[in-house]
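See structure below.
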Amino acid sequence: MMNTDIIEESLGYKFTDIAWLKQALTHPSSDQKRSTNLAYERLEYLGDAVLELVVSRELFSLFPKVDEGELTKLRSGIVSRKHLADLCKELGWCEQLVMSPQLIKAGGRESVSTMANTFESVIGAVMMDSNYNAARKVAMRLLEHSLQHASEFKDVNYKGSLLEVLQAVDGTGPIYDVKPVDEAQPAGPFVARVLWHDREIGCATGQSKHRAQVAAAQKALEMKLWES
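If you're matching positions, the sequence shown starts at 53 in this note's numbering and goes up one per residue.
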């Protein structure tokens, strides 16, 4: 049973329309109609953009002598799927996530992708319930420690790691097949499949082709299907 009070307390934010938070905590597996847009995917898209902007702006101020390349690396570490998933798990948000019984049994609540998506969608929900300033305030509160220790973050190179692992097996690297989730929306979001010897070993979605590929590589590393 979803307990929205727990989320609001950890956010330090009280929702005017609790429906936004409930949507942010609804996994696609539990939204059978899909056309109703009750799941968190659209809010995830919004929250992703908010976090990118908030972190970019803060790093710009914190590191006035650092060039854009290094700032990008710092930002990538802070908004990485792994770090957002760790924060979501620490906050206990995924325990409130509504998803199908089958996915729960399969360990869906522990999925790095699901936890990261949940973190982003909750930020998106605050944005929709109020405005950017409110979402920024919440994001800054949750990421305060991370931003203060930004130099310690390094973006995990999932694609590079997967390439190394597979090439170590037989010298053959992965192939990425990326397509729009909806052909009518060529600008995204995208779904990426990782293929190895014509076998799918990972699949994930992302708001850009790159993010979809990175998420798919991460999924492949988690599943290790090449070992079976």
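Here a beta-carbon is modelled for each residue, glycine too, at the ideal position from N, C-alpha and C. In this text, all values refer to a predicted model and were calculated from it rather than measured experimentally.
Check	Outcome
Starting from the Cα of Leu247, find the closest Cα among Pro238, Cys255, Ile227, Ala239 and give me that residue.	Ile227
Quick check on DSSP: helix, strand or coil for Thr124?	helix
Mind reading off the beta-carbon distance from Leu63 to Val190? Whole number of angstroms is fine, and I expect it under 8 Å.	5 Å
Does DSSP put Tyr184 in a helix, a strand or coil?	helix
What are the residues that DSSP puts in a beta bridge with Lys231?	Val243
Is it buried or exposed, Tyr65, if we count other Cβ atoms within 10 angstroms and call 16 or more buried?	buried
How is Val150 classed by DSSP in three states: helix, strand or coil?	strand
On the premise that His79 lies in contact with Leu155, defined as a C-beta separation below 8 Å, what is that separation, rounded to the nearest angstrom?	7 Å
Would you identify the three-state DSSP class for Leu212, choosing helix, strand or coil?	Per the sequence shown, residue 212 should be read as Gly rather than Leu. In this structure, Gly212 counts as helix in the three-state DSSP scheme.
Can you tell me whether DSSP reads Gly254 as helix, strand or coil?	strand
Note down the Cα distance separating Asp119 from Met54, rounded to an integer number of angstroms.	44 Å
Going by other Cβ atoms of all chains shown within 10 Å of its Cβ, with 16 needed for buried, is Tyr184 buried or exposed?	exposed
Tell me, which residues are paired with Trp145 by DSSP?	Answer is none; Trp145 lacks a bridge partner.
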